[in-house]
Amino acid sequence: MDIKRNLEEILKQIPDNVKLVVVSKTMPVVSILEAYDNGHRIFGENKAQELLNKQPSLPDDINWHFIGHLQRNKVKQIIPFVSMIESVDSERLLKEISKEGAKAKRVIDCLLQFHIATEDSKFGFDRQEAFDMLGSKEFKALSHVRICGVMGMATLTEDTTLIRNEFRSLSVIFQELKENFFPEYRFFKEVSMGMSGDYKIAIEEGSTIIRIGSAIFGERPHSA
Ligand SMILES: *Cc1c(COP(=O)(O)O)cnc(C)c1O
């Protein structure tokens with residue numbers, strides 16, 4: 042795989058206001074360094090242990106985005122260096138992140154992950170759960186998290202109309218949350234959606250962060 046060429050090809054196609062997270066899960070440190078040496082600084086991993094294994098061998102100025110289901114007992118270890126947790130899928134997890142953030146004296150940037158796909162295997166909030174949480178006193182007491190927006194994954198399908206509708210539903214949720222809970226809050230601005238197969242549609246539907254792995258590094262082994 043020509044990582045440099047793939048990266049440049051994607052960067053050419055995305056507007057300046059859209060950030061690219063290079064998803065490096067399953068990829069070795071040398072491949073990550075190849076993207077790094079081409080100037081890229083934002084990388085995404087979906088498993089805490091894998092991130093903990095790789096991070097010490099990589100430069101400190103990498104912005105690590107956590108993008109997978111995060112168990113509460115793993116939060117503590119990634120808190121010292123993670124730059125954003127995109128996959129906050131429960132109130133209990135958010136509380137744990139705030140608690141560990143307080144201990145580490147860091148305010149952690151978070152996105153709320155929404156379940157927008159028709160598949161039921163995907164984690165995330167639905168609209169009502171998010172409204173209930175964001176309106177609660179307990180949420181307002183969380184001092185060491187900063188909610189920066191929303192994240193979601195579309196169904197894995199060839200049906201581009203379905204994908205588009207799912208992305209659109211996430212954009213609508215983002216707008217509703219912004220109006221109801223974050224009207225004056227300048228940090229609430231991110232809609233993370235779009236992967237290798239669907240990022241063009243995601244950008245058309247208002248994505249501000251795309252997360253791309255295989256279009257840069259090539260196909261991963263199936264189990265990953
Ligand atoms: C693996 C993964 C991606 C990237 O998927 P590709 O299809 O390889 O681009 C994006 N987001 C999440 C949450 C992932 O787990």
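Here the sequence shown stands for residues 42 to 265, where the numbers follow this note's numbering.
Even glycine gets a Cβ: it sits at the ideal position worked out from N, Cα and C.
Counting C-beta neighbours from all protein chains within 10 Å, is the total for residue i 16 or more, i.e. buried, or is it exposed?
i      : result
GLN216 : exposed
ASP57  : exposed
ALA182 : exposed
GLN169 : exposed
ASN114 : exposed
LYS95  : buried
GLY142 : buried
What does residue i pair with, by DSSP beta-bridge criteria?
i      : result
GLU231 : GLY190
VAL63  : PHE84, ILE253
VAL129 : LEU153
PHE208 : PHE208 pairs with nothing; no bridge assigned.
Where does residue i fall in DSSP's three states?
i      : result
ASP239 : coil
VAL123 : coil
ASN104 : strand
PHE223 : coil
PHE164 : coil
GLU246 : coil
ASN94  : helix
MET174 : helix
Excluding five sequence neighbours on each side, which residues of the same chain lie with their C-beta closer than 7 Å to the C-beta of residue i?
i      : result
LEU111 : ALA89, ILE126, SER128, LEU134
ARG205 : ILE242, GLU246
PRO100 : TYR77
ASN47  : ALA256, ILE257
Grab me the residues of residue i's own chain with a C-beta within less than 6 Å of its C-beta, minus the 5 sequence neighbours each way, in chain order.
i      : result
ARG254 : The sequence given here has Gly at residue 254, not Arg. Result list for GLY254: VAL64, in chain order.
SER139 : LEU183, HIS185, VAL186
MET234 : GLY193, PHE208, LEU211, ALA243, SER248
HIS106 : VAL62, GLY85, MET125, GLU127
Excluding the five sequence neighbours on either side, which residues of its own chain have a C-beta within less than 8 Å of the C-beta of residue i, listed in chain order?
i      : result
ILE44  : SER72, GLU75, ALA76, ASN79, ILE257, PHE258
VAL59  : ILE244, SER248, THR249, ILE250, ILE251
THR196 : ALA158, THR159, GLU160, LEU203, ILE204, GLU207
ILE55  : LEU61, TYR240, ILE244, ILE251
ALA171 : LEU153, PHE155, ILE214, LEU218
Would you say the beta carbon of residue i is closer than 6 Å to some non-hydrogen atom of ligand 3?
i     : result
ASN87 : By its list of ligands, the structure shown excludes ligand 3, since it contains just ligand 1.
Under 6 Å from any heavy atom of ligand 1, does the C-beta of residue i make it?
i      : result
GLY254 : yes
SER65  : no
ILE250 : no
ILE108 : yes
MET234 : no
SER237 : yes
Would you say residue i lies against chain C (beta-carbon separation less than 7 Å)?
i      : result
PHE166 : The question asks about chain C, but that chain is absent: this structure has only one protein chain.
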